[in-house]
Structures are given as structure tokens and as C-alpha cells.
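Residue numbering for the sequence shown follows the numbering used here, beginning at 104 and increasing consecutively.
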Amino acid sequence: MRRMKFLVLFLLFFCHLDLSQSLDLSGL
């Protein structure tokens, strides 16, 4: 269970980084 929660947090963090990069590109 703990491992699953860690994977979910990692995926959320990765998606957040991807969204941040997309916003930066659109900002330019």
C-alpha cells in the first residue's frame, strides 16, 4: 500500500512538471 501511494505521488509530481513546462512554452 505504501509503495502504491509513493507511485501515485511520483506520477502527480511528474504530471505537474509536464504542465509547468507546457505553461512556460505557451507563456513564451
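No residue lacks a Cβ here, since even glycine has one placed at the ideal position from N, Cα and C.
{"Query": "Pairwise C-alpha distance: residue 104 and residue 111", "Result": "11 Å"}
{"Query": "DSSP-derived helix/strand/coil call for residue 107", "Result": "helix"}
{"Query": "Length of the line joining the Cα atoms of residue 122 and residue 108", "Result": "21 Å"}
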